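Undergrad:
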């Protein structure tokens with residue numbers, strides 16, 4: 001597999017020096033893909049989207065042959081971070097274009113038996129329009145053959161096949177050392193502003209995944225995508241608490257006029273499954289699958305709320321601030337730490353129970369308004385649930401009605417608009433939380449909030465709450 005380290009890419013795949021205009025995804029007589037010159041020409045009729053057809057296309061950039069390298073030759077494993085149902089996640093080091101410096105990356109390693117899972121996630125990550133501030137940035141992929149006796153990773157072209165060789169499939173993304181929302185709130189309490197920032201980022205990212213973008217003269221199309229395993233473990237945090245949705249292994253493209261594919265499977269993590277999923281009563285429509293994600297988003301916002309202080313409270317690290325109750329997962333209070341599918345079906349689908357609100361929210365208008373949004377997101381009637389975009393808009397309005405206090409640590413965080421150059425039709429609809437600027441703050445854009453050093457956390461996640469796949 002070849003890769004360019006000299007240019008930004010959201011493809012990082014399938015173009016060898018002799019591949020020319022034909023990518024390995026192009027079927028002989030099937031529907032063309034959207035990532036190579038030949039397919040683009042077929043789909044656009046030679047429009048301005050295809051300025052030239054003499055070099056392979058990678059992430060929207062045309063590459064010379066001397067720019068292509070084996071990803072596994074410039075990326076190495078450092079240490080394992082976590083293990084899951086589909087494989088392992090490693091901290092890796094990616095050599096930069098100057099061949100002297102390197103940066104941390106995350107390497108998701110799929111064993112040979114999980115090649116289909118690797119291909120499914122790759123298919124989504126390499127979509128030209130999937131780049132967004134609240135979706136984990138994809139760097140590239142590779143098929144790697146390593147010697148199991150030496151533990152060394154190498155290119156499948158560099159290593160021959162032998163009795164000790166082991167094939168791995170790599171998917172390389174940005175590395176976010178704070179880990180997941182679950183990792184962070186399990187050990188850290190949040191201020192009101194920090195909680196709103198994370199919640200708004202999750203909602204914006206999910207809204208963008210759900211949005212279908214049409215083809216235009218200057219824009220590639222993007223299908224609507226249902227995540228299908230949205231949970232606090234699958235939302236990662238940048239150092240400035242920007243939320244990034246990750247793990248698209250179970251995600252499904254919901255394109256107009258096309259079937260839903262393998263979405264007939266009941267998938268996800270049990271405690272985050274919507275009642276209609278637990279009941280096996282899923283409607284096979286685009287909106288039905290998006291509403292399942294919104295239900296899970298409501299649960300994760302509830303998790304954030306249980307670990308957050310109110311807008312008038314002192315900062316969490318203030319000695320006068322009362323400690324919050326320890327973290328509990330959704331339905332852990334009702335069903336314990338490891339509920340069975342039968343218990344969840346009875347509790348969520350039959351008895352229509354949801355996680356309980358904290359008593360301290362009752363007399364707090366800000367928490368009360370956010371609690372109403374959470375309730376609207378996990379309504380038992382799927383058609384009554386609000387959209388992820390609506391949730392993002394409500395959080396934006398809430399941050400203006402109930403802004404963080406002057407000493408809230410969230411005021412020390414740069415806005416998304418000041419840290420990201422990405423501007424898409426879906427993401428620009430929801431600007432960063434508009435926190436008022438304090439008089440002592442440096443001159444920046446009106447919604448700028450200055451940066452505070454954040455503690456690190458162990459990114460290693462436990463194996464609990466792994467996604468389940470059950471045939472309906």
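In UniProt numbering, the protein residues as written are 1 to 472.
Note that the Cβ used here is the ideal one computed from N, Cα and C, for glycine as well.
Note that this is a predicted model, so its numbers are computed, not measured.
Between residue 89 and residue 108, is the Cβ-Cβ spacing less than 7 Å?
TA: The answer is yes: Cβ separation under 7 Å.
Undergrad: Let me make sure I understand the geometry here. Which of 345, 238 and 272 has the alpha-carbon closest to that of residue 330?
TA: Comparing Cα-Cα distances from residue 330 to each of 345, 238 and 272, the minimum goes to 272.
Undergrad: Below 7 Å between beta carbons: does that hold for residue 290 and residue 349?
TA: It is not a contact, given that the beta carbons lie outside the stated cut-off.
Undergrad: In whole angstroms, what separates the C-alpha of residue 293 from that of residue 102?
TA: The alpha-carbon atoms of residue 293 and residue 102 are separated by roughly 36 Å.
Undergrad: Return the chain-ordered ranges of every alpha helix (DSSP H) run that is complete within the segment 333 to 392 and spans a minimum of 4 residues.
TA: Runs of the alpha helix (DSSP H) inside the segment 333 to 392: 341 to 344 and 365 to 377.
Undergrad: Just tell me which of 208, 238, 233 and 230 has its CA closest to the CA of residue 224.
TA: Of the listed residues, the one whose Cα sits closest to residue 224 is 208.
Undergrad: Which whole-angstrom value is the C-beta distance of residue 230 and residue 288, which I expect to be below 8 Å?
TA: In fact, because the Cβ distance is near 15 Å, the residues do not count as touching under 8 Å.
Undergrad: Pick helix, strand or coil for residue 189, following the three-state DSSP scheme.
TA: Coil, per DSSP.
Undergrad: Just to confirm, are residue 205 and residue 86 a CB contact at a threshold of 7 Å?
TA: No, the Cβ-Cβ distance between residue 205 and residue 86 is not below 7 Å.
Undergrad: By how many angstroms is the C-alpha of residue 403 removed from the C-alpha of residue 186?
TA: Cα-Cα distance, rounded: 25 Å.
Undergrad: Which whole-angstrom value describes the C-beta separation of residue 339 and residue 268, a residue pair presumed to lie in contact below a C-beta threshold of 8 Å?
TA: Rounded, the Cβ-Cβ distance is 14 Å, inconsistent with contact.
Undergrad: Just list the residues that DSSP pairs residue 110 with in beta bridges.
TA: The partner list for residue 110 (beta bridge, DSSP) reads 169.
Undergrad: May I ask you to verify whether the segment 304 to 315 touches the segment 216 to 223, counting CB pairs closer than 8 Å and requiring at least 3?
TA: Output reads no: the segment 216 to 223 does not touch the segment 304 to 315.
Undergrad: Under the DSSP definition of a beta bridge, which residues are partnered with residue 89?
TA: BP columns for residue 89 point to 82 and 108.
Undergrad: Let me check one thing: in DSSP terms, what residues is residue 75 bridge-paired to?
TA: Its beta-bridge partners are 94.
Undergrad: Give me the DSSP bridge partner(s) of residue 141.
TA: Residue 141 is bridged to 171.
Undergrad: Excluding the 5 residues preceding and the 5 following residue 473 in the sequence, name in chain order all residues of the same chain whose CB lies nearer than 8 Å to its CB.
TA: Look at the range of the chain in this structure, 1 to 472, and you will see that residue 473 is not part of it.
Undergrad: Kindly indicate which three-state DSSP category residue 156 falls into: helix, strand or coil?
TA: Residue placement at residue 156 cannot be trusted, given a pLDDT of 40 that sits under 50; what the coordinates show is reported in the next sentence. It is coil, neither helix nor strand.
Undergrad: Could you tell me if residue 235 is buried or exposed, where buried requires 16 or more neighbouring beta carbons within 10 angstroms of its beta carbon?
TA: Buried, by the Cβ-count rule.
Undergrad: Name the DSSP bridge partner or partners of residue 222?
TA: The partner list for residue 222 (beta bridge, DSSP) reads 213.
Undergrad: Please name the residue, chosen from 145, 169, 165 and 174, that lies closest to residue 135 on a Cα-to-Cα basis.
TA: Of 145, 169, 165 and 174, the residue nearest in Cα terms is 174.
Undergrad: Excluding sequence positions up to five away, which residues of its chain have a Cβ less than 7 Å from the Cβ of residue 199?
TA: Closer than 7 Å at the Cβ level, and outside the excluded window around residue 199, lie 301, 304 and 395.
Undergrad: Starting from residue 245, trace the beta strand (DSSP E) in both directions and tell me its first and last residue.
TA: Segment 243 to 245, the beta strand (DSSP E) holding residue 245.
Undergrad: Can you name, in chain order, every residue of its own chain whose Cβ lies under 6 Å from the Cβ of residue 195, other than the five neighbours on each side?
TA: Once the five neighbours on either side are set aside, the close Cβ partners of residue 195 are 304 and 308.
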